[in-house]
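Residue numbers (my numbering): 3 to 144.
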């Protein structure tokens with residue numbers, strides 16, 4: 003006895019049932035067709051699938067905290083540079099307007115503040131290296 007069988011081809015095991023639609027401008031379509039012709043494939047759907055899955059796609063993750071940190075750090079170094087310029091101007095004014103005793107006295111006070119500022123800068127560098135090691139470099143490998 004033969005089984006009642008309808009005509010047609012054998013059903014596929016893993017049917018492609020998901021469909022995506024997109025539209026192209028005339029310029030984009032011309033570029034698409036030229037790339038399709040260069041590929042040598044006989045089916046546009048296979049060409050698109052090969053483009054999507056055979057090429058490496060890079061994903062970019064934007065970390066708002068890291069961007070804010072870098073922005074604030076850049077602003078800090080701008081202020082730090084301005085302090086250096088002001089420091090040079092103050093030393094020049096001290097030498098031109100005051101006697102040796104007053105100049106030495108004020109430069110001593112300025113030196114103490116500079117040492118404190120240098121310590122703060124060292125702390126910032128340590129924190130920046132720690133931040134970079136924990137967040138920025140780790141995220142590059144994801």
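Heads up, the beta-carbon is just placed ideally off N, CA and C, and yes, glycines get one too.
Remember, it's a predicted structure, so these values are computed and weren't measured experimentally.
Distance, residue j Cα to residue i Cα
i: residue 21; j: residue 80; result: 53 Å
i: residue 105; j: residue 96; result: 6 Å
i: residue 24; j: residue 13; result: 28 Å
i: residue 64; j: residue 72; result: 13 Å
i: residue 113; j: residue 132; result: 29 Å
i: residue 117; j: residue 103; result: 21 Å
i: residue 17; j: residue 51; result: 15 Å
i: residue 144; j: residue 40; result: With a pLDDT of 49 at residue 144, under the threshold of 50, the modelled position of that residue is not reliable, and the figure given next carries that caveat. Their backbone Cα atoms lie some 34 Å apart in a straight line.
i: residue 115; j: residue 69; result: 30 Å
i: residue 9; j: residue 29; result: 43 Å
i: residue 55; j: residue 134; result: 33 Å
Sequence-distant residues of the same chain with beta carbon closer than 8 Å to residue i, five excluded per side
i: residue 46; result: 38
i: residue 67; result: 137
Presumed contact (8 Å Cβ cut-off) between residue i and residue j, rounded CB distance
i: residue 26; j: residue 34; result: 6 Å
Cut-off 7 Å between Cβ atoms - residues of its own chain near residue i, not counting five sequence neighbours on either side
i: residue 130; result: 75
Reference residue i; option with closest CA among the options
i: residue 109; options: 92, 54, 69; result: 92
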